[in-house]
Amino acid sequence: MVSIMTALYFHTLRPEDRVAVKPHASPVFHAIQYLMGNQTREKLENFRGYGGAQSYPSRTKDIDDVDFSTGSVGLGVAVTAFASLVQDYLAAKPWAQDRPMGWMISLVGDAELDEGNIYECLQEGWKHDLRNTWWIIDYNRQSLDGVVREGLWKRIEAIFGAFGWEVVRLKYGALQRAAFAEPGGERLRDWIDNCPNQLYSVLTFQGGAAWRNRLMDEIGAQGEVTALLERRGDDDLATLMNNLGGQCIETLAGAFDAIDHDRPTAFLAYTIKGWGTPLAGHKDNHSGLMTKAQMAEFQVSMGIAAGEEWEPSAAIENPAALQAFLDATPFFAKGHRRYAAAKQPVPDTIFLDDTELSTQAGFGKILDRLARSDSPLADRIVTTSPDVTVSTNLGSWVNRRGLFARDELADTFRDERVPSAQKWRFSPEGQHIELGIAEMNLFLLLAAAGLSHSLFGERLIPIGTVYDPFVARGLDALNYACYQDARFLIVGTPSGVTLAPEGGAHQSIGSQLIGISQDGIAAFEPAYLDELSVIMDWSFDYLQREGEGDPDERTWLRDETGGSVYLRLSTRPLEQPARREDDPFRQGVIDGGYWWRQPGPNAEIVIAYQGCVASEAIEAAGRIGEDRRDIGVLAITSADRLNAGWTAAQRARRRGQIGATSQVERLMSGLPPHCTLITVTDGHPATLAWLGSVAGYKTVPLGVEHFGQTGTIDDLYRHFSINADAIVTAAHGLAPGRPVRNLGQMV
Ligand SMILES: Cc1ncc(C[n+]2csc(CCOP(=O)(O)OP(=O)(O)O)c2C)c(N)n1
Ligand SMILES: [Mg+2]
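Residue numbers for the sequence shown follow the numbering used here, beginning at 1448 and rising by one.
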């Protein structure tokens, strides 16, 4: 790996190139950056320690110009393909600056190729004419647990080839190629080609004498081979046998130089894990530590004097020449390549006039209004969806703004005058990137597009839609995107058992808890259109914020830093209240909740709801209100933000900021002590169950805990006890006072 990265960083790369460095190559990456003055000795000495250089390269935690975070294997590989797609997208837009096209490069572990998301990405790349992408596979034939299966390279060649990639196999280094040209060399090459991975590893570990014994035993009977071996001492023989293509800088640099096209290319670089150390080749060498004696011996072999370990030019005969070489290295010539892009002004809030509509349909309408507008922000929006574009209501946006492709593609249905509601014209101007069904690809594209301002200096507002249950299918890639601080809006819709006739396989239960627990994303679940309008408006600004992380003293949320947004929407049409636009309303919606119906001073019951069960909560409140006084209804638009503000305010108080109060604490502050909370949502009851602990109230959490099934919304709400009857019954059973009438029918 050291050779591959040396060839790349000090010979091949240009500043516009971007590299995802595989997790285990983090030390090499940090060392290169240290050599170039971009990493501190303090952080290197503290590698893997608190505040030190990160175990795996991290865009957000490391200081040394990491292009893509890695760690969860497979994701850093695929994200490069999507970064290339984003680069193509920008190159086709009139508003984007002219910039040289960079290579999007991934340094790939051979065992990473087991991850399915890589193959999903290969197929997607093929559909989008992927180019300018290099994957350099560190073919050390080792994973964590052992040695990779024999002949993997043949499958790799076949698979990559099938998707239009060029595959360059770098098996032999320059020394080996020269030896093959000697008399007996052909025999040696055959022997190497037929040597099983395990045996090659064992002999590498054992060293020169072992190589000689084995080779003499197996092919030494041929005089020419004996002479070839005898021309070399044990050390030279070991050097020769270790001189695989991926170990040889000359071979690597030559292979990179030889690429004269922009087709995606996979380099299969044969390497030796732990090369140069006494652990080289041993199958157990992962996380193996050298003994003090081995380390001392290694230091001597490298020619580094004691105490000079951190000296960049130790063991270098001519430090001035080295420095001159480093100064002239093209990749580092422009310094840090972390860009910024101006914020796009957010147009006025787009309110809708519908009297009855679902949040999903409202989302489609708001985007349609943006599509028709001439707002510069709309030009920066790029939408994407894994084959659910129309069914998540992106259709009218796509009809107006078109689909992106590097080359124009006609809409044959339209050309042949076959009526269709969808106009699917592909062109370089298009603003929708249509993906296949693989949700991992959706989140990886959002990760790449959501870093556009930082990677390419151009602001994009990426919006992805997905059926809410299938957020889970792309969850690790979502987490990955957030870890890199990519900025995007993800819309999970439709959601919950409200998707009644679709059945249990399509009904999300736990996704609200994902929204609460996922760092880097603010999750909302509006019930009404005016809430949705306010949230979308706020999101367009929030996505573009880049401030420092001091919490806002009103909410105790880290709103200055900004982040991504997750909207959980529904296909259930709700009758809309009279539109609310005032500032306190907007503030409540964004902070996570507001009083739909303010409780009186003697309130015994408060119903708190999130999402499209608003109508059940409000109906139940009306019915309970006949027998209970002062009942309150708390509209929660974001359990995530209420919860985050609450925990942050508690932390602030523990640290001495006695007056710190969060939104949920303010909302709850007037409630009398004997109050009972009934919470209800179409999702897991734990989403809201914690509300009771804010001020110590008994709480009845209603929600969905088990897989759903087909039926009507009424059937399923009754089945899961999230209908108005269930809320009324909960009030009857648990809150003190006269029995509540109007119980309705319960199962
Ligand atoms: C998704 C995921 N699963 C498991 C791991 C744990 N893990 C880290 S590296 C690795 C395999 C390493 O093999 P390879 O990719 O060949 O890299 P090498 O160690 O040879 O450099 C595994 C299983 C991980 N980081 N991410
Ligand atoms: Mg490996």
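Each residue gets a CB set at the ideal place from its N, CA and C atoms; glycine is no exception.
1) Please go through the segment 1919-1995 and give each complete beta strand (DSSP E) segment of 3 or more residues, from N-terminal end onward.
2) If we count Cβ pairs, one from each stretch, closer than 8 Å, do we get three or more for the segment 1911-1924 versus the segment 1830-1846?
3) If you draw a straight line from the C-alpha of R1636 to the C-alpha of F1607, how long is it?
4) Residues in its own chain within less than 7 Å of V1468 by CB, not counting five upstream and five downstream?
5) Tell me whether W2043 sits in a helix, a strand or coil according to DSSP, three-state version.
6) Out of R1546, D2162, E1633, F1529, which one is the CA nearest neighbour of Q1570?
7) List the whole-angstrom C-beta distance separating P1941 from S2062, where the pair is believed to meet the contact cut-off of C-beta under 8 Å.
8) Which class does F2167 belong to by DSSP, given the choice of helix, strand or coil?
9) Since D2001 sits in a beta bridge, which residues does DSSP pair it with?
10) Considering only heavy atoms of ligand 2, does any lie closer than 6 Å to the CB of D1557?
11) Is Q1589 near ligand 2, with its Cβ less than 6 Å from a heavy atom?
12) On a CA-only basis, which of A1896, I1956, F1987 is nearest A1969? Give me that one, please.
13) Alpha carbon to alpha carbon, how far is G1499 from E1492? Give it in angstroms, no decimals.
14) Nearest to W1844 by CA position, among A1857, A1825, E2028, A1852, is which residue?
15) Would DSSP call A1787 helix, strand or coil?
16) Name the DSSP beta bridge partners of F1714, please?
17) Runs of 3 residues minimum, wholly inside the segment 1768-1854: which ones carry the beta strand (DSSP E) assignment?
18) Per DSSP, which residues does A2105 bridge with? Please list them.
19) In the DSSP assignment, find the unbroken alpha helix (DSSP H) run with I1884 in it and report its ends.
20) Could you tell me if I2105 is buried or exposed, where buried requires 16 or more neighbouring beta carbons within 10 angstroms of its beta carbon?
21) So is the beta-carbon of H1471 under 6 Å away from any non-hydrogen atom of ligand 4?
22) For the putative contact between G1521 and E1562, defined by C-beta atoms under 8 Å, what is the C-beta separation to the nearest angstrom?
23) Near R1616, which residues of its chain fall below 6 Å by C-beta distance, leaving aside the five closest residues on each side in sequence?
24) My understanding is that T2002 touches Q2110, with C-beta atoms under 8 Å, so please give their C-beta distance in whole angstroms.
25) To the nearest angstrom, how far is the alpha carbon of R1546 from that of E2028?
26) Roughly how many angstroms separate the alpha carbons of V1526 and I1719, rounded to a whole number?
27) Sort G2039, P1823, I2071 by Cα distance to I2052 and report the nearest one.
28) Mind checking S2140: buried by the 16 CB within 10 Å criterion, or exposed?
29) Ordered along the chain, which non-local residues of its own chain (more than five positions away) have a Cβ less than 6 Å from that of T1776?
30) Note down, in chain order, each residue of its chain lying with its Cβ closer than 7 Å to the Cβ of N1846, except the 5 sequence neighbours on either side.
31) Pull the bridge partners of P1909 from the DSSP assignment, please.
32) Is V2080 closer than 7 Å to A2169 when the C-beta atoms are compared?
33) My understanding is that T1796 touches V1981, with C-beta atoms under 8 Å, so please give their C-beta distance in whole angstroms.
34) Quick one: what's got a C-beta closer than 6 Å to V2036's C-beta in the same chain, skipping five residues either side?
35) Going by C-alpha distance, which of V1747, N1660, I1956, A1895 is nearest L1532?
Taking the coordinates as given:
1) Unbroken beta strand (DSSP E) runs of no fewer than 3 residues, entirely contained in the segment 1919-1995, are found at 1936-1939, 1968-1971, following chain order.
2) Contact holds: three or more Cβ-Cβ distances are below 8 Å.
3) Spanning the two alpha carbons is a distance of roughly 25 Å.
4) Cβ contact annotation for V1468 (same chain, cutoff 7 Å, sequence separation greater than five): F1476, P1504, T1517, L1554, in chain order.
5) Strand, per DSSP.
6) When each option's Cα is compared against that of Q1570, the closest is F1529.
7) Not quite, the Cβ-Cβ distance comes to about 16 Å (not below 8 Å), so this is no contact.
8) If DSSP states are grouped into helix, strand and coil, F2167 belongs with coil.
9) Before going further, note that residue 2001 is Arg rather than Asp in the sequence given. Beta bridge pairing from DSSP links R2001 with no other residue.
10) True, at least one ligand heavy atom lies under 6 Å from that Cβ.
11) Yes; taking the cut-off as 6 Å, the Cβ of Q1589 has a heavy atom of ligand 2 nearer than that.
12) Considering only alpha carbons, the answer is F1987.
13) Distance between the alpha carbons of E1492 and G1499 is about 8 Å.
14) The closest CA to that of W1844, considering only A1857, A1825, E2028, A1852, is found on A1825.
15) DSSP places A1787 in coil when its eight states are reduced to three.
16) Paired residues: I1583, V1615.
17) Taking only runs of at least 3 residues, the beta strand (DSSP E) segments lying wholly in the segment 1768-1854 are 1828-1833.
18) According to the sequence provided, residue 2105 is Ile. The question's Ala does not apply to it. The beta-bridge partner set that DSSP reports for I2105 is empty.
19) Taken as a continuous stretch (DSSP letters only), I1884 belongs to no alpha helix (DSSP H), as it is neither H nor E.
20) The residue in question, I2105, is exposed, as its Cβ has fewer than 16 Cβ neighbours within 10 Å.
21) Questions concerning ligand 4 fall outside what the structure shown contains, since the ligands it does hold are ligand 1 and ligand 2.
22) Going by Cβ atoms, the distance from G1521 to E1562 rounds to 3 Å, so yes, they are a contact pair.
23) Exclusion of the five residues before and after R1616 leaves L1715 as the residues of its chain whose Cβ lies within less than 6 Å of its Cβ.
24) Correct: roughly 5 Å between the Cβ atoms.
25) So the two alpha carbons sit approximately 43 Å from each other.
26) The alpha-carbon atoms of V1526 and I1719 are separated by roughly 26 Å.
27) The residue among G2039, P1823, I2071 with its C-alpha nearest the C-alpha of I2052 is I2071.
28) Burial call: exposed.
29) Closer than 6 Å at the Cβ level, and outside the excluded window around T1776, lie F1457.
30) Excluding residues within five positions, the ones whose Cβ falls inside 7 Å are Q1869, K1870.
31) Beta-bridge partners assigned by DSSP to P1909: V1829.
32) Sequence inspection shows Ile at residue 2169; the Ala mentioned does not correspond to that position. In this structure, I2169 sits away from V2080, with a CB-CB distance that is not shorter than 7 Å.
33) Rounded, the Cβ-Cβ distance is 6 Å, consistent with contact.
34) Taking C-beta separations shorter than 6 Å and ignoring five residues to either side along the sequence, the partners of V2036 in its chain run E1978, V1981, T2084, following chain order.
35) A check of alpha carbon separations from L1532 across V1747, N1660, I1956, A1895 identifies A1895 as the nearest.
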